[in-house]
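A.B. asks: Which chain is which? The protein sequence lines are V, H and S, in order.
1 is the number of the first residue of the first sequence in UniProt numbering; add one for each residue after it.
1 is the number of the first residue of the second sequence in UniProt numbering; add one for each residue after it.
1 is the number of the first residue of the third sequence in UniProt numbering; add one for each residue after it.
C-beta: ideal position from N, C-alpha, C; glycine also.
Bear in mind the structure is a predicted one, so any value in this text is a computation, not a measurement.
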Amino acid sequence: MRTLEMAVGTTLPELVIPLTPTMIISTALATRDFTPVHHDTEIARAQGSQDIFLNILTTMGLVERFVTDWAGPEALIRGINVKLGVPAYAGDTLTFSGAVAERDGDTCVVDVRGMVSLGPHATGTVRFTL
Amino acid sequence: MTGTQEAEGHERALRELADKIIAQGEGPRLLTPSPVDRTMIKHWAEAMGDANPRYQGPDAIAPPAMIQVWSMDGLKRGDRPRLPLDDMFEALDERGFTGVVATNCEHTYHRHLVPGEHLTSTTRMSDLSGLKKTALGDGYFVTWNVTWYAQDKPVAEMIFRLLKFRPREERCPSEERKPYPLRPAVNRDTAFFWEGARSGELRIQKCGDCGELRHPPGPVCPSCRSTERTYAVAAGTGTVYSYVVHHHPPVPGRETPFAVAVVELPEGVRIVGNVVDRAPAEVEIGMPVRVVFQAMDDELILPMWTPGSPDANA
Amino acid sequence: MAGTALVGIGATEFSKNSGRSELQLAAEAVFAALDDAGLAPADVDGLVTYTQDANQEIALAREVGIGDLTYFSRVHYGGGAACGTVAHAAMAVATGAAEVVVCYRAFNERSGQRFGQPNAGLGGEPSSQGLEMSWHVPYGLMTPAAWVAMFAQRYMHRYGVKSEDFGRVAVAMRRHAANNPAAWFYQRPITLADHQASKWIVEPLHLLDCCQESDGAVALVVTSAERARDLRRTPAMIKAAAQGAGAGQMMMTSYYRDDMTGLAEMGVVGRKLWEISGLSPSDMQAAILYDHFTPFVLTQLEELGFCARGEAKDFIRDGGIEIDGHLPVNPHGGQLGEAYIHGMNGIAEAVRQIRGTSVNQVPGVTNILVTAGTGVPTSGLVLGAAD
Chain V
1 MRTLEMAVGT
11 TLPELVIPLT
21 PTMIISTALA
31 TRDFTPVHHD
41 TEIARAQGSQ
51 DIFLNILTTM
61 GLVERFVTDW
71 AGPEALIRGI
81 NVKLGVPAYA
91 GDTLTFSGAV
101 AERDGDTCVV
111 DVRGMVSLGP
121 HATGTVRFTL
Chain H
1 MTGTQEAEGH
11 ERALRELADK
21 IIAQGEGPRL
31 LTPSPVDRTM
41 IKHWAEAMGD
51 ANPRYQGPDA
61 IAPPAMIQVW
71 SMDGLKRGDR
81 PRLPLDDMFE
91 ALDERGFTGV
101 VATNCEHTYH
111 RHLVPGEHLT
121 STTRMSDLSG
131 LKKTALGDGY
141 FVTWNVTWYA
151 QDKPVAEMIF
161 RLLKFRPREE
171 RCPSEERKPY
181 PLRPAVNRDT
191 AFFWEGARSG
201 ELRIQKCGDC
211 GELRHPPGPV
221 CPSCRSTERT
231 YAVAAGTGTV
241 YSYVVHHHPP
251 VPGRETPFAV
261 AVVELPEGVR
271 IVGNVVDRAP
281 AEVEIGMPVR
291 VVFQAMDDEL
301 ILPMWTPGSP
311 DANA
Chain S
1 MAGTALVGIG
11 ATEFSKNSGR
21 SELQLAAEAV
31 FAALDDAGLA
41 PADVDGLVTY
51 TQDANQEIAL
61 AREVGIGDLT
71 YFSRVHYGGG
81 AACGTVAHAA
91 MAVATGAAEV
101 VVCYRAFNER
111 SGQRFGQPNA
121 GLGGEPSSQG
131 LEMSWHVPYG
141 LMTPAAWVAM
151 FAQRYMHRYG
161 VKSEDFGRVA
171 VAMRRHAANN
181 PAAWFYQRPI
191 TLADHQASKW
201 IVEPLHLLDC
211 CQESDGAVAL
221 VVTSAERARD
231 LRRTPAMIKA
241 AAQGAGAGQM
251 MMTSYYRDDM
261 TGLAEMGVVG
271 RKLWEISGLS
281 PSDMQAAILY
291 DHFTPFVLTQ
301 LEELGFCARG
311 EAKDFIRDGG
321 IEIDGHLPVN
331 PHGGQLGEAY
341 IHGMNGIAEA
351 VRQIRGTSVN
361 QVPGVTNILV
371 TAGTGVPTSG
381 LVLGAAD
């Protein structure tokens with residue numbers, strides 16, 4: 001039913017994620033990442049960051065969510081390849097955009113870009129099958 | 001030694017170490033700390049705001065992107081056995097490439113996972129780049145691969161790459177790290193020590209006349225009154241003579257608990273420093289340690305101590 | 001020190017928040033001590049305090065109405081100064097530099113500047129002390145508890161001492177304090193289980209291994225034995241007073257000189273005290289041992305010759321430091337139980353023991369030893385009854 005919408009060049013609906021401290025901390029803990037820079041503002045600042053920031057496991061999870069929110073539960077994620085950019089700090093907003101880059105039968109590749117105010121936080125591709 | 005020769009020396013030594021570690025291939029297959037678990041999936045999906053129905057209900061599957069979560073040590077850090085890759089990072093730290101920033105993470109999922117499965121994983125280092133000039137500073141990209149198995153069949157893989165870089169001495173003010181608050185006073189009697197730390201050397205004051213070694217240093221040799229001072233570069237090994245684990249009160253610039261030790265060096269002097277890379281509870285008197293140099297901010301590098309015997313990757 | 005005596009003691013209440021300035025606390029303690037001695041401010045011509053005290057001698061003199069001062073002095077090295085103030089006063093009296101010298105220590109150590117809190121500036125000073133601290137502070141080794149814990153760990157390792165052995169000191173001090181209405185921990189004894197359950201401060205030290213923090217002041221009056229005879233109180237004769245620093249000494253961090261299981265500077269003080277007084281440990285009926293942290297009470301018992309190296313744990317386990325023990329220690333409850341007035345409250349208790357007026361009076365005290373801050377250059381006293 002979605003095959004038509006998945007033609008190469010189709011853009012995905014934006015996903016806007018307000019990076020509240022609750023979001024940063026609860027995702028860090030849900031990914032079992034207890035590194036203090038993801039939950040302790042004072043330590044994060046002492047180490048040169050402007051605030052606590054999103055951990056990589058969460059970035060991977062959000063990239064996945066961005067695609068499945070659009071592709072639906074039938075989509076089976078086969079691979080995620082992310083180039084990491086600037087940190088996603090608490091107080092910022094992470095906005096995902098993307099478009100279908102390749103389509104080959106049941107397999108689809110989507111280009112994804114997650115932007116924060118400092119620039120690209122994550123860019124890459126997600127491959128899934130239907 | 002000129003700067004260029006020094007850099008070439010670094011590069012050669014790092015390349016040799018990398019080749020050795022890469023040739024070792026996959027490390028031991030280790031059971032992941034967490035089995036694939038329904039409650040963890042629920043928490044994860046909730047935190048991510050992911051309402052995908054496939055992660056819910058009796059037939060739930062695990063979100064593929066959770067793969068690394070099953071391998072996380074959680075709060076009980078330091079239990080993990082030492083991997084050859086750790087030697088690579090230490091060698092880079094010791095040469096001043098103390099900065100770290102992750103650059104790539106690539107997951108491949110061969111099949112989806114269901115609650116109850118308990119995975120094993122192996123790690124192998126796959127690449128060390130040449131010395132690269134980057135916006136953050138000169139550095140090396142280190143790449144490693146993790147493979148997860150269920151009943152001996154690979155179910156997922158990850159390629160992870162990070163940049164280990166030498167933090168730039170000068171940066172524009174907006175990029176400067178916040179200064180580490182616990183700074184030493186340095187004067188003409190002690191500057192050699194802190195300069196040594198910056199260049200990756202643990203220096204011990206040595207009398208220019210009678211040769212006596214002394215730490216902490218001072219302007220006059222207590223043995224012969226000489227003010228001719230030089231220094232020896234310590235081998236960088238030692239044993240824990242005594243130690244404490246600080247819990248309270250909070251210390252500026254520090255995360256508690258942390259361990260501080262009096263380390264006895266084979267050169268015959270003692271020195272105080274933190275014991276790192278080991279849970280404070282596992283530090284003990286008599287434990288062999290090796291020096292590592294830790295950048296606290298853009299200026300200060302402190303010699304610290306990591307578990308290791310004298311013959312380990314000298 | 002021959003011919004000098006402690007003739008007056010005075011103190012404010014010991015609290016966690018005095019609600020008044022340190023200078024006011026000092027003045028109140030001085031009035032109390034002078035009243036106790038039966039002297040007037042106008043009789044005082046000498047003042048001695050700690051370099052760390054925030055109240056200048058002249059400021060205190062103005063407040064309490066002391067006129068001309070012919071002697072003033074300060075003693076360095078934190079709590080190591082305590083008995084040193086009396087040593088300086090006694091020397092001034094003995095040499096004729098002054099006739100009546102008041103020693104004082106006043107602070108809001110709980111409600112004001114707390115010594116137990118990390119001070120990032122400690123290592124930054126380009127003084128010899130700042131340079132010394134710079135080998136430790138950058139690593140976060142920067143609180144008194146941490147500095148002492150480093151010695152305690154080695155001592156435990158060397159002699160098979162357990163945390164419970166330190167805990168017995170805390171339990172004994174709190175037991176003594178429980179019977180002392182002036183003590184902060186009056187009627188609040190603890191058990192060994194409480195000690196073991198108290199949180200880690202710096203391993204191997206629990207919270208209950210660390211003395212409390214207090215607001216308060218203590219003052220002591222020193223004059224000649226001759227003049228003491230005419231005053232209202234039984235004098236506590238200063239049979240010996242000594243200061244001491246050891247070879248390779250540092251402030252709390254003498255980690256580089258020996259096996260870290262003793263207190264060389266306290267050995268120096270002890271030897272000098274026995275030499276001056278002609279007395280020995282077996283002549284002491286009680287002792288006031290500086291107890292900012294429990295482990296150094298054990299070390300002092302050994303360093304001062306009350307028991308052999310490594311045997312303090314057995315001495316304490318056998319009840320040696322209890323009121324009815326072999327050497328009653330800190331009958332007032334010490335700094336763990338009564339108050340942390342940088343050791344000065346212990347000197348006042350020693351005077352009460354000589355007078356026979358302590359709430360926890362040890363029978364027949366004719367000689368008592370007092371020590372000051374441990375881990376730092378320190379000092380000590382032997383006080384005794386007049387012959």
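Counting only runs of 4+ residues fully inside the region 175–242 of chain H, write out the alpha helix (DSSP H) ranges in chain order.
C.D. replies: Correct list: 191–198.
A.B. asks: So that I know if they touch, is there some Cβ in chain V lying closer than 8 Å to that of Q68(H)?
C.D. replies: Stepping through the second sequence from its first residue, residue 68(H) is reached at position 68. Taking Cβ atoms only, chain V reaches closer than 8 Å to Q68(H), which makes this a yes.
A.B. asks: At 7 Å on the CB atoms, spell out the chain H contacts of S26(V), in chain order.
C.D. replies: Taking the first sequence and counting its residues from 1, the one referred to as residue 26(V) is at position 26. Ordered by position in chain H, the residues that pass the 7 Å Cβ test against S26(V) are A47.
A.B. asks: Can at least three beta-carbon pairs, one atom from the region 70–84 of chain V and one from the region 97–114 of chain H, be found at a separation below 8 Å?
C.D. replies: Segments in contact, yes.
A.B. asks: Over what stretch of residues does the alpha helix (DSSP H) that includes C83(S) continue unbroken?
C.D. replies: Counted from its first residue, the third sequence places residue 83(S) at position 83. Element bounds for C83(S): A82 to T95.
A.B. asks: Please check the pair V67(V) and V110(V), which I expect to be a contact at CB under 8 Å, by giving their CB distance rounded to whole angstroms.
C.D. replies: Stepping through the first sequence from its first residue, residue 67(V) is reached at position 67. Stepping through the first sequence from its first residue, residue 110(V) is reached at position 110. Yes, they are in contact, since the Cβ atoms of V67(V) and V110(V) sit about 6 Å apart, within 8 Å.
A.B. asks: What ranges does the beta strand (DSSP E) occupy inside the region 27–77 of chain H, keeping only unbroken runs of at least 3 residues that lie completely in it?
C.D. replies: List check, beta strand (DSSP E) in window: nothing returned.
A.B. asks: How would you list, in chain order, the residues of chain H whose beta-carbon sits under 7 Å from the beta-carbon of G130(S)?
C.D. replies: Within the third sequence, the letter at position 130 stands for residue 130(S). The contacting residues are A185.
A.B. asks: Cα separation between H157(S) and V86(S)?
C.D. replies: In the third sequence, residue 157(S) corresponds to position 157, counting from 1. In the third sequence, residue 86(S) corresponds to position 86, counting from 1. Roughly 37 Å between the two C-alpha positions.
A.B. asks: Tell me whether T234(S) sits in a helix, a strand or coil according to DSSP, three-state version.
C.D. replies: Here the question's residue 234(S) lines up with position 234 in the third sequence. If DSSP states are grouped into helix, strand and coil, T234(S) belongs with coil.
A.B. asks: Could you check whether A145(S) and F293(S) sit closer than 8 Å to each other, using their CB atoms as the reference points?
C.D. replies: In the third sequence, the residue the question calls residue 293(S) occupies position 293. In the third sequence, the residue the question calls residue 145(S) occupies position 145. Yes, these two residues count as a Cβ contact at 8 Å.
A.B. asks: Does R103(V) come within less than 8 Å of chain H when only Cβ atoms are used?
C.D. replies: Residue mapping note: residue 103(V) aligns to position 103 of the first sequence, counting from 1. Cβ-Cβ to chain H under 8 Å: no for R103(V).
A.B. asks: Report the residues of the region 227–238 of chain H with a CB closer than 7 Å to any CB of chain S, ordered along the chain.
C.D. replies: Hits within the stretch: zero.
A.B. asks: For chain H, find out if any of its Cβ atoms is closer than 8 Å to the Cβ of G98(V); answer yes or no.
C.D. replies: In the first sequence, counting from the first residue as 1, residue 98(V) sits at position 98. With 8 Å as the cut-off, G98(V) does not count as an interface residue toward chain H.
A.B. asks: If residue 407(S) sits next to G262(S), beta carbons under 8 Å apart, how far is it from one beta carbon to the other, in whole angstroms?
C.D. replies: The structure shown has nothing for residue 407(S), since chain S only spans 1 to 387.
A.B. asks: For G121(S), which residues from the same chain have a beta carbon less than 8 Å from its beta carbon, with the 5 sequence-adjacent residues on both sides left out?
C.D. replies: As a position in the third sequence, residue 121(S) is number 121, starting the count at 1. Taken in chain order, the list of residues that qualify is empty.
A.B. asks: Could you tell me whether any Cβ in chain H is nearer than 8 Å to the Cβ of T31(V)?
C.D. replies: Stepping through the first sequence from its first residue, residue 31(V) is reached at position 31. Yes - at least one Cβ of chain H is within 8 Å of the one on T31(V).
A.B. asks: From which residue to which residue does the beta strand (DSSP E) around N345(S) run?
C.D. replies: Residue 345(S) sits at position 345 when you count from the first residue of the third sequence. Per DSSP, N345(S) belongs to no beta strand (DSSP E); it is in the alpha helix (DSSP H), M344 to R355.
A.B. asks: Do you know offhand how far G96(S)'s Cα is from A240(S)'s?
C.D. replies: Stepping through the third sequence from its first residue, residue 96(S) is reached at position 96. Stepping through the third sequence from its first residue, residue 240(S) is reached at position 240. When rounded, the distance between both Cα atoms is 18 Å.
A.B. asks: Would you say Y243(H) and I285(H) are within 8 Å of each other, going by their C-beta atoms?
C.D. replies: Stepping through the second sequence from its first residue, residue 243(H) is reached at position 243. Stepping through the second sequence from its first residue, residue 285(H) is reached at position 285. For Y243(H) and I285(H), yes; Cβs fall inside 8 Å.
A.B. asks: On the DSSP bridge list, what partners appear for H246(H)?
C.D. replies: On the second sequence, residue 246(H) is found 246 positions in, with the first residue counted as 1. H246(H) is bridged to F258(H) and V202(S).
A.B. asks: List the residues of chain H whose Cβ lies closer than 7 Å to the Cβ of M60(V), in chain order.
C.D. replies: Translated into positions along the first sequence, residue 60(V) becomes position 60. Per Cβ cutoff of 7 Å: A65, C105 and H107.
A.B. asks: Please list the terminal residues of the continuous beta strand (DSSP E) segment that includes A287(S).
C.D. replies: Working through the third sequence from its first residue, we reach residue 287(S) at position 287. Looking at the DSSP string, the run of the beta strand (DSSP E) that includes A287(S) is A286 to I288.
A.B. asks: Taking H246(H) as the reference, which of V263(H), A281(H) and T227(H) has the closest Cα?
C.D. replies: In the second sequence, the residue the question calls residue 246(H) occupies position 246. Residue A281(H) is the option with its Cα nearest to H246(H).
A.B. asks: State the beta-bridge partners of D104(V) as determined by DSSP.
C.D. replies: Working through the first sequence from its first residue, we reach residue 104(V) at position 104. BP columns for D104(V) point to T107(V).
A.B. asks: Return helix, strand or coil for V37(V), following the three-state DSSP convention.
C.D. replies: In the first sequence, counting from the first residue as 1, residue 37(V) sits at position 37. It is helical.
A.B. asks: Give me the subset of the region 45–57 of chain V whose CB atoms are less than 8 Å from a CB atom of chain H, sorted by chain position.
C.D. replies: Listed by position along the chain: R45, A46, Q47, G48, I56 and L57.
A.B. asks: Would you list, in chain order, the members of the region 61–72 of chain V that have their beta-carbon closer than 9 Å to a beta-carbon of chain H?
C.D. replies: Listed by position along the chain: G61, L62, V63, E64, R65, T68, D69 and G72.
A.B. asks: Taking all protein chains shown into account, do 16 or more other C-beta atoms lie within 10 angstroms of the C-beta of E170(H), making it buried, or fewer, making it exposed?
C.D. replies: Your numbering for residue 170(H) matches position 170 in the second sequence. Interpretation of E170(H) is limited by its pLDDT of 44, a score under 50 that renders its predicted location unreliable; the figure taken from the coordinates is listed afterwards. By the neighbour-count rule (16 or more Cβ atoms within 10 Å), E170(H) is not buried but exposed.
A.B. asks: Measuring CB to CB, does M252(S) end up less than 8 Å from G160(S)?
C.D. replies: Within the third sequence, the letter at position 252 stands for residue 252(S). Within the third sequence, the letter at position 160 stands for residue 160(S). Contact flag unset, no.
A.B. asks: Once DSSP output is grouped into helix, strand and coil, what is the label at W305(H)?
C.D. replies: Taking the first residue of the second sequence as 1, we reach residue 305(H) at position 305. In the structure shown, W305(H) sits in a strand (DSSP, three-state: E or B).
A.B. asks: Residues of chain S with a CB under 9 Å from the CB of S199(H): which are they?
C.D. replies: Working through the second sequence from its first residue, we reach residue 199(H) at position 199. What S199(H) touches in chain S: nothing, since even the nearest Cβ is about 18 Å away.
A.B. asks: Give a yes or no on whether 8 Å exceeds the smallest Cβ distance from E170(H) to chain V.
C.D. replies: As a first step, residue 170(H) must be located in the second sequence, where it is residue number 170. Bear in mind that the predicted position of E170(H) carries a pLDDT of just 44, short of 50, making it unreliable; the figure below should be weighed with that in mind. For E170(H), the answer is no, since every Cβ of chain V falls outside 8 Å of its Cβ.
A.B. asks: What does I9(S) pair with, by DSSP beta-bridge criteria?
C.D. replies: Counted from its first residue, the third sequence places residue 9(S) at position 9. I9(S) pairs with L220(S).
A.B. asks: Counting only C-beta atoms, is W44(H) closer than 8 Å to chain V at any point?
C.D. replies: Residue 44(H) sits at position 44 when you count from the first residue of the second sequence. It does; some Cβ of chain V falls within 8 Å.
A.B. asks: Taking DSSP's pairing of strands, which residues face C105(H) in a bridge?
C.D. replies: Sequence index remark: in the second sequence, residue 105(H) carries index 105 (1-based). V82(V) and F160(H).
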